[in-house]
Every structure is written in C-alpha cells, then in structure tokens.
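Enquirer: Quick one: the structure is below, and I'll ask about it shortly.
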Amino acid sequence: MQQVILEAKNISKDFHDPITIQVLKDITFSISKGEFVSMVGKSGSGKSTLLYVLSTMDTDFEGELLIDGESTREKSESHLAHIRNEKIGFVFQFHYLWNEFTVLENVMLPGLKLGKFSEQEVEHRAIERLRRLDIEKLALKKASQISGGEKQRVALARALINDPLIIMGDEPTGNLDKKNSEIVFELFKKMSAELNQTLLIVTHDPGFAERTQRIIELEDGRILKH
Amino acid sequence: MNAKLIYRIAASLLLARWKQTLVAAIGVMFSITMFIALLGFMNGLNDLLDGLILNRTPHIRLFNEIKVNDRQPIAQVPKFSSAHNFIHSIKPTETRREIYNSQPIIKAIQKDDRVLGIAPKINTQVFFNAGTIDISGVINGIDVEAERRLFFFDDYITHGTSKDINIMSNSIILGKALADQLIANIGDIIQVTTPQGAQFSLKVVGYFQSGILELDKVQTYTSLATAQKIIGKSNSYITDIQIKLKNYEWAPGIAKEYHQRFDTDAEDIQTVNAQFETGSSIRSLISYAVGITLLVVAGFGIYNILNMMIYEKMDSIAILKATGFSGSDVNRIFILIALSIGFSGGIAGIILGFLISKFIDDIPFNTEALPTVTTYPVNYDLIYYAIGLSFSLITTYFAGLFPASKASRIDPVAIIRGK
Ligand SMILES: Nc1ncnc2c1ncn2[C@@H]1O[C@H](COP(=O)(O)OP(=O)(O)O)[C@@H](O)[C@H]1O
Ligand SMILES: [Mg+2]
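Chains as they are written, first to last, in my numbering: chain B, 114 to 339; chain Z, -5 to 413.
Below, the structure is given as structure tokens:
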C-alpha cells in the first residue's frame, strides 16, 4: 500500500448567501503518493469548493482534512500557509504571475519564502524546472511579455519549486486553446510518470479525465464514484 | 531570508507605482520641510527674545530691600504678646542697602557647584544734569569681566568698549536713549548729582543699547570702584550679588535656600519674568500644530496610495497567500512600503528643511532694538530634526496600518474564484 498523502474525512460545507445551501456533503476519500487523479462533475457541482477546502485555503468546513498525516484542524493561519508553501503546488485557471518580476523570479518566489535553500540554490532549482517544462529560454523575460500558454507553464514551474507532495489544479487548461491544453496535459503526464508526482486536477474536459489514472466524480456536492 | 524577500517584494510594488509613490513621498517631504523650517525659525525667535531677558537677567539676585521691619517694638512687650495688635502708618526704617558680609557670602556661593558665576554690583539713583534740568537715572557699578562673561555685556555696547570703564577712572557708559537726551557725545564730560547732594564729573566712553527703550533711558554703567567713589563708600560696599546658575530652572529653589542662609532678599528670574515662557511655548505650539497638520494630510496621501496598490495588486496578494505567505508577511510588506515612503520623504524633508533654514538665516534683519542681530535668527537644534524624522515615520506607520491589515486579510479563495 502506497503512502497516503491527502485524506478527506466526512467533509461538508454550507454557504449562507443568502440562504443556506449545502455545497459539499459528507465527502470522504484519500489520495496516495504518485496517483494522477482528476476530479470531474457538472458546473456548480462543488469541484472548486472542494479543491479550496483540500488546499487549506478555505478553513470554513465540517469534517477533517489530513495532509501528509497531519490534521489541519485548529492550526494557525501562518502554519497552514507554511503547509501550502512546502507541500502543495497550485495551478489555477488564471496564471497569477507577478508582472513586475521576471519568469525566473516568479518561479523562485515560493522557494525563497520556504527558505530551505540558499538563493543560488533556489535559482538553480528554478532553472532546472523551467528546463524540464521546456521554457528555459524565457527565464529572464518579464512575466508580462510571454504568451498565455507559456504563462501557464511558468505557473506550473512555480508550483514545482519546493518539490510539493501534491499538485492541485483548478481547470488549469480551461483558458488555453487545444494545442496548449495538450502541451500542459502532457507535462502533467510526464511529471506523473517520470517523477512519480501526485496530482489532483479539476477539469470539465472528459477527454482529459479519461487519460488520468483515477477519476473522482462529483454531483451536487456528493462523490458519485472514486 | 524572509526579511530580504519581504523587502524585495515591497520594493517591486513601490517601483510598479513609482509615480504615486513619489508624490506621496513628496507630500511627506513637504510637511517635514515646513516643520523643520518653521520650528527652526520660531525657536530662533524664541531664543532671541528669551535672550533679551535671560541673557542679562541674573538667575538669582541677592539684595536688601527697603521695607518695614517685621518685628515692631510692641511685639517685644511681654504684656501684649498674646494680644492682637493693630498698628497704623508704619514707615520703613533707614535700612542699609548694602549687603552685609558680602565677601564671605561671595566666597560661599563660589563654592556652590550649581553656580556658573557671580557678578557683584552697586546700584544707585542719581540725577544727570543737563543744563538747567535734571534727568533721573541709575548708575550701575559693575565688575566688567563678570558682566561680559555672564551677561554678554559686550553684545549691547554699540560704541566704545566695555573695558574702558575699568581702564579710565571716572568714566561711564550711557544708555543710548539717555545719551541722546543729554546730548552727550563720546569723550564729553557729564555732571551727576547723588541723592546725598554730592556733585561728580564723569567722562562718557561708550553707549549701550539693550533693545528695551525704557532701560536705555535710565541705565548707565561704570566700574565698581567709580561707583563706590560717587556714593562715598568703602571698597567692600556692594548692593547686589547677581548669580548665574548652570540651569536657570533651579533658581526658585536656590533663591529660597540663599535667602535663609545669607539673610538677604533673594529674587529668582521666574518670579521677575513670570510671563516670558508663555510666548515661547505658544510659538512652539503653533509650529508643532502646523507640522502635524501637514503630516496628517501627507498621511492620508499615503493611505490612498496603499489602498490603490492593494486594490490593483489583489491578484498578486492572493497568489502570495496561496503559495505560502502568511497574513503577517503580507502585513509586513505593506507596512514596509508605508515606512519607506515616510523615511525617504522624511530624510528629504530634513535636508530641504535645513537648506531653507540656512536661507532664512541669511535674510537681513536689522532692528534698532537689537544692535547685534543682522539676519533672521534660526535655531538648528538637532532635536527638531530627530522629531521631524520620527514624526514622518510614525504618521506613515499609522497611515499604513489600516491598508496593510486589510491586505493581510484578503481571502485568496474569494479572489481566485472571482476570475
Ligand atoms: N461564495 C459563495 N457563496 C454562495 N454560494 C457559492 C459561493 N461560491 C460558490 N457557491 C455555490 O457553490 C456551488 C459550487 O460551486 P463551485 O465549487 O464553484 O462549483 P464548480 O467548481 O464545480 O463549478 C455553486 O452552486 C455555487 O453557486
Ligand atoms: Mg469551478
């Protein structure tokens, strides 16, 4: 049995705006090391909401979340920030790069924050990740000067900088054209195969989901199958 | 590591909005400049005006007042000692104005650590004879060296030199206004009549101008020896002991102490010039009020810029938090931004304030009343510069506090969902 990296136990969440609706209903599942998991479901089924709960950014839920065996319950905001920094890499639909910084600096930012390596080492690691994603030549460009597909790959390199336990993506190919979507998907696939990287990617693209190892399907805040 | 990173992020945000940042810093600079220039000028004026009084007024003056005897004869009659006695029309007896045992007293005071210096003085009323009329005035017999050292006597001598009254016997320095009344030029001989009726001839060797016309109309100076000669007293006769302390604020306490110890009247500067600190404190108050008002305005400028930055950089803040920066990191970034605007504006303001002070210091300012002053007075006390810089840091800190805490509370989920 592989090491369990993420475990959701009876997670429920309500929104009270303006009337109380239960968006997540008693969700229980776990993800083990090296799994490439996709999460699918109709729009509004609660995929994003669940992902933000799993990411520790949203702490307003019932149930329990364990990351790397550690419960996130009653942890301070700065401790959760540290968990995200060290153990979780994010890719969103939008790239969220700092336009004032170069590509390299953007990738380095979470690595500098972690402070586990010296600045030179972080830079070296950042270049290595850019190379792996085939965008090494962009390193010194400003983030505002590169294309949308490239930005998403830079965001992926940034997610990888601290060797996270798991990469979470919320429709990371949602804003990309077919060609770029394919490139990004292949990169996920490569990371999974070559680095045994654990991935949890929300998608509405059935073609994408079918090519992953495991599919979690949500409907009305409930897990249909996993 | 973390501090350096936070510094770098703050710097990039500042650079991204460098125009607004510059405007905010200029706002701070302007208020600190005004603050420094205004306080320097106001306090220069304060020093000047205080100096008019403080420089030449002894901190403590020992003398014998002409007054009614406290112990009237009836009090010495045992029969009436328990009774309530009413006495009408009491007159002062002929008390001597001389200070008894002046030499031992001077020696004792010289040993006191708190005392900066002593100047003995003789003070006597005379009449100056100008043709057929007599003008009343005062002759001060002074120890020129002590007066020069303690009371800046030379600053008020507009013609002649103060030392001349020591070198030439029977010489006198006249108040300029009095000299004008007597039509006495330097080198002229003037006649004085003492209260006892004796006549005396004195040679005018100089004029002095105190800046206070009332004084210049009656005051004259001569050496102790000449004064003793005019009133026909021995060379130990003095009427006043003027004391300058190391700190004038000690005056009331020490005056009380000397009054008991030496059995003379003792008057302190605070009692004599009760009002002189009021003007100073009001001028300072105005300067502080103007400076702080300007700083508050500048503070609102900084507050606006930070709010704008936060609004524009919402995404960047969200990703910082998503990738592991805590709320307090974000808070520190924005406080740092505010403080660097305050610091750079403050430093620039201090420099500009100093230059403006220099400029004011060079503007000609001539007034009859103040013969030694030729330009506007400016005080360069470092404390105002220190206060200016701390004020700029404190106001910008408070201006940054609210926006920074707002930034630190940004919920990344809300931002990321909104896209
Ligand atoms: N802040 C919110 N307040 C109220 N309801 C919300 C909020 N965010 C999401 N929802 C609702 O929760 C449900 C799930 O949303 P979401 O997780 O974004 O779905 P998905 O990502 O699967 O499309 C939707 O019905 C949405 O309207
Ligand atoms: Mg969604």
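Where is the CB? At the ideal position from N, CA and C, for every residue including glycine. Quantities reported herein were computed from a predicted structural model and do not represent experimental measurements.
#1: Less than 8 Å separating the beta-carbons of Z/TYR231 and Z/GLU141?
#2: Applying a beta-carbon distance threshold of less than 9 Å, which residues of chain B neighbour Z/ALA401?
#3: Is any beta-carbon of chain B found at less than 8 Å from that of Z/ILE410?
#4: Please list, in chain order, the chain Z residues whose beta carbon lies closer than 7 Å to that of B/PHE128.
#5: Hey, could you find the ends of the alpha helix (DSSP H) Z/MET23 is sitting in?
#6: Determine the burial state of B/HIS129: buried for a count of at least 16 other Cβ atoms within 10 Å of its Cβ, exposed for fewer.
#7: Less than 8 Å between CB atoms is the rule here; does B/ALA194 satisfy it with respect to chain Z?
#8: Using 8 Å as the threshold, is the segment 304 to 317 of chain B in touch with the segment 277 to 292 of chain B, meaning 3 or more CB pairs across them?
#9: Could one say the Cβ of B/ARG197 lies closer than 8 Å to chain Z's Cβ atoms, at least one of them?
#10: Would you report the Cα separation of Z/GLN97 and Z/GLN264, rounded to the nearest angstrom?
#11: Between which two residues does the alpha helix (DSSP H) carrying B/LEU222 extend?
#12: Measuring only the C-alpha atoms, how far is Z/GLY215 from Z/ILE54?
#13: Looking at the structure shown, is B/ALA252 part of a helix, part of a strand, or coil, going by DSSP?
#14: Cβ of B/ASP318 within 7 Å of any heavy atom in ligand 2?
#15: Is B/THR215 closer than 8 Å to B/ALA252 when the C-beta atoms are compared?
#16: Contact defined as beta carbons within less than 8 Å: I believe Z/ILE344 pairs with Z/LEU387. What is the distance between those atoms, to the nearest angstrom?
#17: Mind checking who Z/PRO358 pairs with in its DSSP beta bridge?
#18: Could you list the residues in the segment 341 to 360 of chain Z with a C-beta less than 8 Å from some C-beta on chain B, going in chain order?
#19: Any residues whose CB sits closer than 5 Å to a heavy atom of ligand 1? List them in chain order?
#20: Would Z/LYS13 pass as an interface residue toward chain B - the criterion being a Cβ-Cβ separation below 8 Å?
#21: So which residues of chain B does Z/LEU9 contact, with C-beta pairs closer than 8 Å?
#22: Pull up the CB-CB distance for Z/PHE121 and Z/THR220, whole angstroms please, since I reckon it's below 8 Å.
#23: For B/MET281, write down the residues that DSSP places opposite it in a beta bridge.
#24: In chain Z, which residues lie less than 8 Å from B/PRO223 when you measure between Cβ atoms?
#25: Counting only Cβ pairs nearer than 7 Å, list the residues of chain B close to Z/LEU(-1).
#26: Quick check on Z/VAL71: buried or exposed, where buried means 16 or more other Cβ atoms within 10 Å of its Cβ?
#27: Taking Cβ to Cβ, would you say B/LEU222 is nearer than 8 Å to B/LYS264?
#28: Any heavy atom of ligand 2 within a distance shorter than 7 Å of the CB on B/ASP283?
#29: Looking only at DSSP bridge pairs, what is Z/PHE121 linked to?
#30: Could you check where the beta strand (DSSP E) with B/MET152 kicks off and where it finishes?
#31: On the CB-based measure, 16 or more other CB atoms within 10 Å of its CB, does Z/PHE80 come out buried or exposed?
#32: Could you tell me whether the segment 144 to 162 of chain B touches the segment 301 to 314 of chain B, using the rule of 3 or more Cβ pairs below 8 Å?
#33: Does chain Z have any CB closer than 8 Å to the CB of B/SER191?
#34: List, in order along the chain, the chain D residues whose C-beta lies closer than 7 Å to that of B/ASP171?
#35: Rounded C-beta distance between B/THR324 and B/LEU273? I'm assuming under 8 Å.
#36: Considering only residues of the same chain and omitting the five flanking positions on each side of Z/ILE410, which have a CB-CB separation below 8 Å?
Expert: Concretely, from the data shown:
#1: Taking C-beta atoms as the reference points, Z/TYR231 and Z/GLU141 fail to come closer than 8 Å.
#2: Neighbours of Z/ALA401 on chain B: none; closest Cβ ~14 Å, over 9 Å.
#3: For Z/ILE410, the closest Cβ of chain B is nearer than 8 Å.
#4: For the C-beta of B/PHE128, not a single chain Z residue is nearer than 7 Å; the gap to the nearest is close to 12 Å.
#5: Its alpha helix (DSSP H) spans residues 12 to 48.
#6: Classification of B/HIS129: exposed, given that the 10 Å Cβ count is below 16.
#7: Chain Z places a beta carbon closer than 8 Å to that of B/ALA194, counting this residue as a contact.
#8: In short, these stretches touch, since the Cβ pair count reaches three.
#9: It does: the Cβ of B/ARG197 has a partner Cβ on chain Z nearer than 8 Å.
#10: Whole-angstrom Cα-Cα distance: 26 Å.
#11: Where B/LEU222 is concerned, the enclosing alpha helix (DSSP H) stretches over 216 to 227.
#12: It is worth fixing the name first, because residue 215 of chain Z is Tyr in this sequence and not Gly. If you take the alpha carbons of Z/TYR215 and Z/ILE54, they lie about 20 Å apart.
#13: Residue state, collapsed to three classes: coil.
#14: For ligand 2, not one heavy atom lies less than 7 Å from the Cβ of B/ASP318.
#15: In this structure, B/THR215 lies closer than 8 Å to B/ALA252 by Cβ.
#16: Incorrect: roughly 12 Å between the Cβ atoms, too far for contact.
#17: BP columns for Z/PRO358 point to Z/THR369.
#18: Taken residue by residue, none of the segment 341 to 360 of chain Z has a beta-carbon sitting less than 8 Å from a beta-carbon on chain B.
#19: Result (chain order): B/PHE128, B/ASP130, B/VAL136, B/SER156, B/GLY157, B/SER158, B/GLY159, B/LYS160, B/SER161 and B/THR162.
#20: Among the CB atoms of chain B, none fall inside 8 Å of the CB of Z/LYS13.
#21: Under the 8 Å cutoff, chain B gives GLU213.
#22: Not really, about 17 Å apart at Cβ, beyond 8 Å.
#23: Residue pairing by DSSP places B/MET281 opposite B/PHE203 and B/LEU313 in a beta bridge.
#24: Taking a Cβ-Cβ cut-off of 8 Å, the neighbours of B/PRO223 in chain Z comprise THR317 and GLY318, given in sequence order.
#25: Within chain B, the residues near Z/LEU(-1) are LEU225 and LYS226.
#26: By the neighbour-count rule (16 or more Cβ atoms within 10 Å), Z/VAL71 is not buried but exposed.
#27: The answer is no: Cβ separation not under 8 Å.
#28: B/ASP283: yes, Cβ under 7 Å from ligand 2.
#29: Answer by DSSP bridge pairing, in chain order: Z/SER130 and Z/THR187.
#30: Unbroken beta strand (DSSP E) run through B/MET152: 149 to 154.
#31: By the neighbour-count criterion, in which 16 or more other beta carbons inside 10 Å mark a residue as buried, Z/PHE80 falls on the exposed side.
#32: Enough Cβ pairs lie closer than 8 Å, so yes.
#33: Closer than 8 Å: yes.
#34: The question asks about chain D, but that chain is absent: this structure's protein chains are B and Z.
#35: The sequence given here places Arg at residue 324 of chain B; Thr does not occur at that position. About 20 Å separates the two Cβ atoms, so there is no contact after all.
#36: Correct list, in chain order: ALA312 and ALA316.
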